[in-house]
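2 protein chains.
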Amino acid sequence: MIRAKHTTIKDVAEQAGVSIQTVSRVINNRPDVSAETRQRIQEIIDQIGFQPFANARGLASKRTHTLGLVTADFSDFWFSQVVTGAEKEAHERSFYFMLGSASSTPEDEPKFIRLLTQRHVEGVLFIHASFADESEHLNRLKESGIPVVTVGHYLPESGLAMIDVDNVGGGRKATEYLLGLGHTRIAMLTGPSGWKSARNRTEGYQQALQAAGAPANLNLITEGTWLHKSGYLGMKSLLEKRMPFTAVFAHNDRIARGAISALHEARLRVPEDISIIGYDDIPEAEFSDPPLTTIRQPMEEIGRAATRLLIQMIDDREAAPKQVLFDTELIVRSSCMRLAE
Amino acid sequence: MIRAKHTTIKDVAEQAGVSIQTVSRVINNRPDVSAETRQRIQEIIDQIGFQPFANARGLASKRTHTLGLVTADFSDFWFSQVVTGAEKEAHERSFYFMLGSASSTPEDEPKFIRLLTQRHVEGVLFIHASFADESEHLNRLKESGIPVVTVGHYLPESGLAMIDVDNVGGGRKATEYLLGLGHTRIAMLTGPSGWKSARNRTEGYQQALQAAGAPANLNLITEGTWLHKSGYLGMKSLLEKRMPFTAVFAHNDRIARGAISALHEARLRVPEDISIIGYDDIPEAEFSDPPLTTIRQPMEEIGRAATRLLIQMIDDREAAPKQVLFDTELIVRSSCMRLAE
DNA sequence: GTGAAAGCGCTAACAT
DNA sequence: ATGTTAGCGCTTTCAC
């Protein structure tokens, strides 16, 4: 196997007639080089297309500028948005992400830990990893002293840094909106209760109902997964129960859209017969039938903020893990209407 | 900034009372170590949790076991599936992916090239990168001698390795299905013509029509993006033209679903008034209203195959770039029906 | 089967 | 402002 010969700092030094160290200073933008030499060296670098080898720098400086990215589900829209933000922020700060295990099956854990330690990642970003599955990962990492920031995955006990959306507030906001339209029998299709975000949205829902003196009816709550299919099946089972309700809070837009399919199948109209509100504001929400009223989360900004915090923790190991909650925004479209008297 | 001290090969060697080199042999599974010494060393490795530092190995061996992953759009379902497969395959072969630029804006190119060369990635996987934007990237990489495999992005001129779905066949399959149901006025909502996959689906569509003696009517073809919104707007403009058609081939399921929204708004029923077939078989397709007939692509397997090919090209630089086409599968649900006489 | 020496490409620390 | 020396943690090469 023949490998292309890369140009090294030595080549540059020889051509410029200076020592390796001086070239190193130029690469690293150190102040103690004369403008003249700096320029001469820079020209040679540009000309022969020299790129310092990250591995060698990492070995010598004990910094790898590498971050680990771990997630439970790539296909999740929420995830993809967060990653986009995270990636941009990292690049701007000259950090890069290594892909951790996508499938977080328990057997993968040793491999996963090995990846992170062998590569000496300087920090790890957990995006949308589920609750139970991952906590052992997290603890092991924490013990190893690597800074960890979690997104959409808050365990208050763990004391880990986290960036998330205010899901309690979001759940409250959604429910209050429906209450404001006169609805009191409000059903809910939740995400898996293993997810903190789902539990929090449920909590917000209950807070709002309680404050309005319209206590939650457990028969109107159905737990499921985050998928479209789950909304469809959940709504079907809700309808079979024959408990009256006039509005639904779905824990994400995919669930909401699945529920609408089931509603249509049952010849019920949205919003005339049933009002429905989602969560996320996925791109399709605007073009659903009907356009979906929903709770928007600032996902890309969350990714950026998480990465920023992670790098900050790397730079200052004493920095206490912070927990930041972003606010949600109610996006009113036409899947909800005022309850007729 | 205090960094945790990592255990090194030296620590292991000292504890085992052997030389560094012998430990190295154990790590790399070389045959020339006595079973006894090997076991003793292995026990110490396990006990103190030693992990060889990938950077140092890379520096010494000139192998980084790192691959670059570049894409135009994270939020694409197709992409996420392919990545999942690619990631699994890579892990099984002890390779890892570094995230390249997510946003493939032209300004990012220098940064992007720098990432890949500074990290000495051994190969690069381009997933679903668009045609025009990226070709300069590709050529630069090719010149640098780094193996490149593209997925969903075939430029025959470039001679690059690629794994893709047989989009011509898929387009033909979709169109033939509609023809078989008696439709002859078949409209089409395409993806961007800058994408090879879109052009190929169009080609398959034209082939099928021609073979059936029902030449394509350009007025029935509308180009758009891959997004839901585009299907919605495309169908609206199609309807405004008042050119009669009885069926639609949408270049992906999101477009199809957008089109269905527009159709519903226009008080047209699917499939009673208009039949529609999509492409991809996204999870939501099954639960659309109506459930969407579509063309399925084996995405995860494509990711695996692409990674396998990439690693093969790394191992054997003489291996000619291969081009592999996967077959598609027609998934019949209920968004199409036989044309009434 | 095992070890010693050299060096991968770079930075850190200390010279001058 | 620049050079010298040492060494990061590992593999390679060659010796025994």
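Sequences listed follow chains A and B, in order. This note's numbering puts the first residue of the first sequence at 1, with every later residue one more than the last. This note's numbering puts the first residue of the second sequence at 1001, with every later residue one more than the last. Positions of the beta carbon are idealized from the N, C-alpha and C atoms, including for glycine.
In terms of Cβ geometry, B/Ala1250 and B/Ala1256 form a close pair [threshold 7 Å]. Within its own chain, the residues whose Cβ lies closer than 7 Å to the Cβ of A/Val270, once the five positions on either side in sequence are excluded, are Ile260, Leu263, Ile276, Pro290 and Ser335, listed in chain order. In the DSSP assignment, A/Tyr96 is bridged to A/Thr66. Looking from the CA of B/Phe1077, the closest CA among B/Gln1312, B/Pro1283, B/Leu1268 and B/Ala1306 belongs to B/Pro1283. One Cα belongs to B/Leu1309, the other to A/Leu116, and the distance between them is close to 25 Å. The secondary-structure analysis by DSSP pairs B/Glu1223 across a beta bridge with B/Thr1190. Under the rule that a run must span 4 or more residues, no alpha helix (DSSP H) segment is found entirely inside the stretch 1269-1298 of chain B.
Of all residues in the stretch 60-84 of chain A, only Lys62, Arg63, Thr64, Thr66, Leu69, Asp73, Phe74, Ser75, Asp76, Phe77, Phe79, Ser80, Gln81, Val83 and Thr84 come within less than 9 Å of chain B when Cβ atoms are compared, listed by chain position. Taking 7 Å as the cut-off, the Cβ atoms of B/Asp1316 and B/Leu1292 do not count as close. Short of 8 Å from the beta carbon of B/Arg1172, and not among the five residues preceding or following it, lie these beta carbons of its own chain, in chain order: Gly1204, Tyr1205, Gln1207 and Ala1208. Nearest Cα to A/Glu318 within the set A/Ile146, A/Asp164, A/Gly182 and A/Leu220: A/Ile146. Closest option to B/Tyr1279, judged by alpha-carbon separation, among B/Thr1294, B/Ile1127 and B/Glu1036: B/Thr1294.
Between the stretch 1218-1233 of chain B and the stretch 1187-1194 of chain B there are three or more inter-stretch CB-CB distances shorter than 8 Å, so the stretches are counted as touching. Residues of the stretch 274-298 of chain A with a C-beta less than 8 Å from any C-beta of chain B: Pro283, Glu284, Glu286, Phe287, Ser288 and Asp289, listed in chain order. Of the other Cβ atoms in all chains shown, fewer than 16 fall within 10 Å of the Cβ of B/Ser1019; this residue is therefore exposed.
In this structure, A/Leu181 and A/Ala212 do not form a Cβ contact; the two beta carbons are roughly 12 Å apart against a cut-off of 8 Å. Cα atoms of A/Gly234 and A/Trp226: separation of roughly 11 Å, rounded to the nearest angstrom. Approximately 45 Å separates the beta-carbon atoms of B/Gly1123 and B/Ile1274; this is outside 8 Å, ruling out the contact. A straight-line Cα-Cα distance of about 33 Å links B/Pro1298 and A/Glu89. Look at B/Gln1051 here: in three-state DSSP terms it is coil, with no helix or strand label.
Counting only Cβ-Cβ distances below 9 Å, A/Leu189 has no contacts in chain B at all, with the closest Cβ about 14 Å away. Residue pairing of A/Ile163 in beta bridges, as defined by DSSP: A/Val151 and A/Val324. Contact annotation for B/Ser1261 against chain A: Phe287, Ser288 and Asp289 [CB-CB distance below 8 Å, chain order].
Within the same chain, and ignoring the five residues on either side of B/Asn1200 in sequence, the residues whose Cβ sits closer than 7 Å to its Cβ are Asn1167, Val1168 and Gly1171. A/His183 is the residue among A/Glu240, A/His183 and A/Pro52 whose C-alpha sits nearest the C-alpha of A/Pro215.
Here A/Phe326 is actually not in contact with A/Glu300; their C-beta atoms are around 11 Å apart, not less than 8 Å. Among the residues facing chain B, A/Gly258 is included, as its CB has a counterpart in that chain under 7 Å away.
At least one CB of chain B lies nearer than 7 Å to the CB of A/Lys229. The continuous beta strand (DSSP E) containing B/Ala1250 extends over residues Ala1247 to Ala1250. In the DSSP assignment, A/Gly145 forms no beta bridge with any residue. Taking 8 Å as the Cβ-Cβ cut-off, the stretch 115-126 of chain A approaches chain B at Leu115, Thr117, Gln118, Arg119 and His120, given in chain order. Among the residues facing chain A, B/Phe1095 is not included, as its CB has no counterpart in that chain under 7 Å away. The C-beta of A/Leu99 comes closer than 7 Å to at least one C-beta of chain B. The Cβ of A/Gly224 sits no closer than 7 Å to any Cβ of chain B. Contact residues of the stretch 37-63 of chain A toward chain B are Gln51, Pro52, Phe53, Ala54, Asn55, Ala56, Gly58, Leu59 and Lys62 (C-beta to C-beta distance below 8 Å). For B/His1183, no CB of chain A lies under 7 Å from its own CB, so it is not counted at the interface with that chain.
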